[in-house]
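Chemist:
Residue numbers (our numbering): 1 to 155.
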């Protein structure tokens with residue numbers, strides 16, 4: 001697959017082209033809570049239908065949500081939106097945002113959601129781990145730019 005000429009080289013920038021809008025993460029939060037129907041997204045989020053339609057189109061085009069038709073008895077066929085594997089991987093980003101918000105933007109009443117292991121029930125936190133699985137402090141995380149590829153030498 002060839003990269004488009006104007007495509008950003010930075011993966012953060014490419015990701016933000018799809019995810020960098022407030023409603024996107026709120027839609028994803030609802031999807032993780034089991035919401036799949038347009039009307040249910042609208043009701044849960046209080047989002048205008050045109051904004052919801054636009055965000056759902058973007059998430060479908062990016063392969064984060066997958067449209068699936070359904071029909072309730074006596075009703076017309078409608079489309080539900082289900083997380084793909086790519087979409088399910090965004091749980092990590094949502095959990096990291098929640099963890100940051102709990103720490104630096106806390107509610108006086110405390111967190112509205114807690115993070116626990118499904119298998120053990122133990123509290124969990126989002127962390128950086130190295131290739132051996134050992135947790136490393138954020139201060140030890142280096143994000144180093146790579147050398148730009150010379151595409152004229154490829155192929």
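The beta carbon of each residue, even a glycine, is placed where N, CA and C say it ideally should be.
With burial defined as no fewer than 16 other Cβ atoms inside 10 Å of the residue's Cβ, what is the status of residue 92: buried or exposed?
Modeler: Walking along the chain shown from the start, residue 92 turns up at place 92. Using a 10 angstroms sphere on the CB of residue 92, the tally of other CB atoms stays under 16, which defines it as exposed.
Chemist: In the structure shown, what three-state DSSP assignment does residue 111 receive?
Modeler: Locating residue 111 in the chain shown gives position 111, counting from the first residue. Here residue 111 sits in coil by DSSP.
Chemist: Alpha carbon to alpha carbon, how far is residue 99 from residue 67? Give it in angstroms, no decimals.
Modeler: Residue numbering aside, residue 67 sits at position 67 when the chain shown is read from its first letter. Residue numbering aside, residue 99 sits at position 99 when the chain shown is read from its first letter. Those two C-alpha atoms are separated by around 30 Å.
Chemist: Which residues in the same chain have their Cβ closer than 6 Å to the Cβ of residue 37, if we skip the five residues on either side of it in sequence?
Modeler: By 1-based counting over the chain shown, the position of residue 37 is 37. Answer for residue 37: 80, listed in chain order.
Chemist: Which class does residue 141 belong to by DSSP, given the choice of helix, strand or coil?
Modeler: As a position in the chain shown, residue 141 is number 141, starting the count at 1. Coil at residue 141, not helix or strand.
Chemist: Are the segment 47-56 and the segment 112-130 in contact at 8 Å, needing three or more beta carbon pairs?
Modeler: no
Chemist: Within a Cβ cutoff of 8 Å, which residues of the same chain sit near residue 162, ignoring the five residues on either side of it in sequence?
Modeler: The structure shown has nothing for residue 162, since the chain only spans 1 to 155.
Chemist: Spell out the partners DSSP gives residue 106 in its beta bridges.
Modeler: For the purposes of this step, residue 106 is taken as residue 106 along the chain shown, with counting starting at 1. Residue 106 is not bridged to any residue.
Chemist: Taking DSSP as the reference, what is the three-state secondary structure of residue 98?
Modeler: Working through the chain shown from its first residue, we reach residue 98 at position 98. The answer is helix: DSSP assigns residue 98 an H, G or I state.
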